[in-house]
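Chains as they are written, first to last, in the working numbering: chain A, 4 to 683; chain B, 4 to 313.
Next comes the structure, spelled out in structure tokens:
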């Protein structure tokens, strides 16, 4: 009776690459019961997606192959089915949605047609009957006006809508199990909240089990019934949600929690996992995590740990939990973390380093044969702020809000349409040519994607050195080399990195190279454009620690552009929240994140999945998507999604209201208060 | 869509204007005296003066240009020096043969290239792929003036199945169409293979497979339609070249089309006819490319609706 819906036993998948044979899935077991949400948690490359694709038998052939194990769906082994029978399982009994809704739909077919295809295949319906089901499905996933939408093409929909369409396709076969591979990773946090809520509702209504793959502990906490933590091709811990979040059993799980940036950790460096994920090409004869574990001893390096039950609901593969193995452990305290020095916050200084005043960046929209300008994209619309010396200023907002454009226009990589940018008192917008070029050594940028922001055909040494050479900072080649080596030391890279190419490094290491490149010219301001959003949690912790240390040592100022509010909480001094090209709220981190006043800031904060269930707030669900900055709504841009909108909001843009020493907000809700206070 | 059509039509007109201007200038850009080139070095000065007058070359340049466009707009291309017949008439006689050959060649090319490219891409690295790509390499390497005679040798002289040349019976179309088609097929199948391989790695193909669709539906419905987009662009360019390249093929097979007419007229120094032929071939290019864009828009909704969303 209590037979699981899906039972995976001893699953092993091999992958042939140029670097050798890998086992991204190496002896994986788990059960999923009907109607429950089972989350597979792990960092990139741990094999979680490969596990999902193995269940679906969609491993890219001929490089990949399932070599051992059983995948029992309702007692039937999927791995022994002929391909034709497997095709009747895919989309019908097990459906799957993917990380990238942008590219997961066929661009040349209407979305109605793409859903109908599954309806026809798995329900045997045709014509009008199929169309009716398509409309029902679109309605079920919360797409308004399905009649109109089904005739549209993917490029006409936003990312969140596309993911809803993907879910509709998955529902078409009325599956027992939905595999969701990082379904919200590519989406903004308010949209993520919508999609997660949708998944929960559909699960409740349809009694469908969900295998949710994610790297985000917050998402796990909000969604999971069961949690499995995967590391280097194996599940290292399995647990029900509550005991896992109360006390993670495996040292790796514990490290994941410790390396999360949070406001409480502000004063100290984040915990990091030393070293890197071991290569999956090698055969493991001991604990896979031993080399990076603070508690490892001899046994861990010699014997493969077995599953140890911590409680009825929790088990982990770790010798620490094994009463027999622990006997042989030497009496030792856990290794202390590398440095626990308390950070001293720089006090707010007198004159700011950078002052931005009334900045506007508009891009013309051109159309037709003669490229007439038919409109403007208001990417940045009247933005002002200042950054103090040695301080970190964070710009937060969802994609398309203009935060990256601000970064680029400060560096004069995009020329502002209007407004002023003063660096150390000097106006940058009127600087041109050689004078601007000379000034560039003062402000540098680090980009989001460390993979594409370096020339793949240049040696790392040359990449780091190029800025010095271009600005003539160090004419002597030998001294220049020495400085490059010192920089590599400073960012924690081996000196032999000098003569290697960027592709030889991992994502975190590449971001270190980018930081070294930026530091080479002795900048005073570093614009960090989402520097950690392409990185795993544990690697993110390393980079954040590095940025903290560099700021302490060199007194750098940071303009930190991000959508991740936890990073802001951990790192920043001041924060500005942006919506559609405008700053809606501005203040110190404590003011804005501790006491958010603008309805958008409140919604943004509430939409972040929180780990601690007791700290969970009521999610303020924002309806709809971010409007296009080419056609911003009148008045306050936020009024169409705002739960508190008044007629006034539709016609007028609120003025700045001062709420505290440094806390300002642009919202009519607070104008009256302000006036009242002034009256007293 | 209407806006798109108008824009496309407008830019085609612009190109046509430029091309016709170049053709007009052609006669003036020839080094030396064009009349002397036409009549030969041993011609009498009186004859030259007469021809110059007949062609209007004794007029000032701007008058010639006005005259040229006036005639062009009324589809009057002048008179052949050789046969004394209106050029429009001569060209219209020859045009069907060229169109017939081009369409037949295109059909051969597509019939060969689409299966070949698909098979090669879906069986990447295996014998089928190697075979298909070797065939296409050979097709690219052999020029039409060699391919034509080889085919004649095999099918007409040795096997006696098909006529050697001319356009007297329907079977005569086979060899020239094959010659033109294989060269095109070779390029197209390579392009299709590369484009299909790229598409097969896309996320939406994984989605299609995860839906439980059969491999056939995945390839023909989801992959091929996307993969054909870049192939169609290439096809447009190549088809224009096909019209021009037909000059060689038509000569080899004595196929009475525009290409052969061009060659004959060059031999006869029938300059006005050469001019008309060049104009016609360019017109072919422009029309084919405009049509390509329309087909592209038909296939790709992102172009049809203008990718403003980005």
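Built from N, CA and C at the ideal position, the CB exists for glycine as well.
### Query
Grouping DSSP H, G and I as helix and E and B as strand, with all else coil, what is residue 140 (chain B)?
helix
### Message
For the ligand MG, is there any heavy atom lying closer than 7 Å to the beta carbon of residue 208 (chain A)?
### Response
Judged by which ligands are present, the structure shown has none, so any question about the ligand MG falls away.
### Task
Look up residue 545 (chain A) in the DSSP assignment and say whether it is helix, strand or coil.
helix
### Query
Within 10 angstroms of its Cβ, does residue 97 (chain B) collect 16 or more other Cβ (buried), or is it exposed?
buried
#### Entry: Per-residue contacts from residue 207 (chain B) into chain A (C-beta, under 7 Å)
106, 107, 108, 109
### Query
What is the DSSP secondary structure of residue 381 (chain A), reduced to helix, strand or coil?
strand
### Query
Closest to residue 258 (chain B) by CA distance: which of B:60, B:292, B:168 is it?
B:168
### Task
Would you list, in sequence order, the uninterrupted alpha helix (DSSP H) runs of no fewer than 4 residues that lie entirely inside the region 533-594 of chain A?
540-557, 568-574
#### Entry: Residues, ordered as in the chain, of the region 256-287 of chain A that lie near chain B by beta-carbon distance below 8 Å
none
### Message
Between A:152, A:87, A:158, which has its C-alpha nearest residue 105 (chain A)'s C-alpha?
### Response
A:158
### Query
Cβ of residue 120 (chain A) less than 8 Å from any chain B Cβ?
yes
### Short CB-CB distance (under 8 Å) between residue 87 (chain B) and chain A
no
### Query
What in chain B is Cβ-close to residue 101 (chain A), meaning under 9 Å?
206, 209, 210, 213
### Query
Does residue 124 (chain A) have its Cβ less than 8 Å from a Cβ in chain B?
yes
### Task
Establish whether the CB of residue 225 (chain B) and some CB of chain A are separated by less than 8 Å.
yes
### Message
For the region 105-114 of chain A against the region 291-299 of chain B, do three or more pairs of beta-carbon atoms, one drawn from each stretch, fall closer than 8 Å, so that the two count as touching?
### Response
no
### Message
Against chain B, with Cβ distances strictly below 8 Å, would residue 365 (chain A) count as a contact?
### Response
no
### Query
At a CB-CB cut-off below 7 Å, which residues of chain A make contact with residue 303 (chain B)?
111
### Query
What residues in the region 228-258 of chain B have a beta carbon less than 9 Å from any beta carbon of chain A?
228, 229, 232
### Message
By DSSP's criteria, residue 99 (chain A) is part of a beta bridge. Which residues make up the other side?
### Response
A:182
#### Entry: Spatial neighbours of residue 606 (chain A) in its chain, beta-carbon cut-off 7 Å, leaving aside the 5 residues before and after
193, 623, 625
#### Entry: Interfacial residues, the region 60-94 of chain A to chain B, with Cβ spacing under 9 Å
61, 63, 65, 86, 87, 89, 90, 91, 92, 93, 94
### Task
Answer yes or no: does any C-beta atom of chain B fall closer than 8 Å to that of residue 156 (chain A)?
yes
### Message
Could you tell me which whole beta strand (DSSP E) segments of length 3 or greater appear in the region 203-278 of chain A?
### Response
212-217, 229-234, 237-243
### Task
Just the C-alpha distance for residue 234 (chain B) and residue 194 (chain B), rounded to the nearest angstrom, thanks.
6 Å
### Task
Let me know if residue 170 (chain A) comes out buried or exposed under the rule of 16 or more other beta-carbons within 10 Å of its beta-carbon.
buried
### Query
Between residue 336 (chain A) and the rest of its own chain, which residues show a CB-CB distance below 7 Å, the 5 nearest in sequence each way excluded?
Bear in mind that a pLDDT of 47 at residue 336 (chain A), under 50, signals an unreliable position, so the model cannot answer this.
### Query
Would residue 126 (chain A) pass as a contact of residue 136 (chain A) if the rule is Cβ separation under 8 Å?
yes
### Task
From the DSSP output, in three-state form, read off residue 670 (chain A) for me.
coil
### Query
Could you give the distance in angstroms between the alpha-carbon of residue 105 (chain B) and the alpha-carbon of residue 148 (chain B)?
17 Å
### Message
Can you look up residue 402 (chain A) in the DSSP assignment and give me helix, strand or coil?
### Response
coil
### Query
Since residue 216 (chain B) meets chain A, which of its residues come closer than 9 Å, beta carbon to beta carbon?
90, 93, 94, 120, 121, 124
### Task
Name the two residues that bound the continuous alpha helix (DSSP H) containing residue 68 (chain B).
64-76
### Task
Please say whether residue 167 (chain A) and residue 201 (chain A) have beta carbons closer to each other than 8 Å?
yes
### Task
Under 8 Å by Cβ, that's how I've got residue 517 (chain A) and residue 456 (chain A) pegged, so tell me the actual separation to the nearest angstrom.
6 Å
### Query
Listing by chain order, which chain B residues have their CB less than 8 Å from the CB of residue 172 (chain A)?
210, 214
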